[in-house]
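Numbering (numbering that gives the first Met the number 0) for the sequence shown: 0 to 228.
Don't be surprised by glycine CBs; every beta carbon is placed ideally from N, CA and C.
Each remark here refers to the structure printed beneath this line.
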Amino acid sequence: MNDNIVIAIDGYSSCGKSTLAKALAKKLHLIYVDSGAMYRAVTLYFLRNKIDITDKDHVKFALHDIHLNFHSRDYQTHITLNEEEVSEEIRQMPVSEMVSEISAIKAIRTEMVRQQQRMGISKSIVMDGRDIGTTVFPSAEVKIFMTADPKIRAERRYKELKLKGENISLEEIFDNIAHRDFLDTTRKESPLVRAKDAIILDNTILTQKEQLEFALERVSPFMKSKTHD
Ligand code: DC
């Protein structure tokens, strides 16, 4: 038993991974890392600087110029790209439309995985993404693989973006989610796949509270103390 724990949460786009990860981080005093935000910030840099992704040297050169940092406030992800706060901009459609292509590039994955593994050295971390339980932390104490009905996922995302005032249709969101699922699961470099030892959490009809309870049950054998209401 120990208090140092790595929780890996993987799954499809817009499945509520980050909501669950944040709730776990809050309850158990863990560091929360949204690995998707890193791929999104890299995508933003590539879009802004019109990097040709077919040019391997250009991609590698660009990676040297990208400095990402997380600042956690109230368990919300604040990410900076070369010192500029980009947390809002990376959630917008131009980035969502391009991120799966960018994150399929080997050199980019290698660099992101290196940075993510470094964040886990001090342990006590919950990280969500697509390859956390398979590639980033294959020996994580707890691995959860999240899934949900694509229609429900699109509806949840639609509500979220509408609240933020984005002008986008449900159909566009559904198509984007389906497209990202396809690219994420079929790419050559560490595709989205359930780790053999990951437990499946289908949250189509589960509330956030139920999902947290489900996860806490899996985590509790590894925690000596410390939960936080
Ligand atoms: O979790 P998200 O939807 O914000 O992630 C955005 C994209 O980043 C997603 O379509 C795939 C990619 N991603 C990845 O390839 N590996 C990760 N560990 C996290 C995200």
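Item	Value
Residues that DSSP places opposite Asn-202 in a beta bridge	Answer is none; Asn-202 lacks a bridge partner.
Opposing strand residues paired with Phe-45 [DSSP bridges]	Phe-45 pairs with nothing; no bridge assigned.
Proximity test, Arg-193 beta-carbon vs the ligand DC heavy atom, cut-off 7 Å	no
Near the ligand DC: Ile-78 beta-carbon under 7 Å from a heavy atom	no
The stretch 52-65 contacting the stretch 212-219, beta-carbon criterion three pairs below 8 Å	no
Nearest residue (CA-CA) to Asp-180, options Thr-133, Tyr-157 and Gly-128	Gly-128
8 Å Cβ cutoff met for Leu-62 and Val-94	no
DSSP-derived helix/strand/coil call for Asn-175	helix
Heavy atom of the ligand DC within 7 Å of Ser-86 beta-carbon	no
Nonlocal neighbours in the same chain, by C-beta distance under 7 Å from Val-5, ignoring five residues either side	Gly-119, Lys-122, Ile-124, Phe-136, Ala-139 and Glu-140
Ile-78, enclosing beta strand (DSSP E) - first and last residue	75-80
Spatial distance of Asn-1 from Val-58 (CA atoms)	Confidence at Asn-1 is low in this model, with a pLDDT of 48, below 50, so its placement is unreliable and the value that follows should be read with caution. Straight-line Cα distance between these residues: approximately 41 Å.
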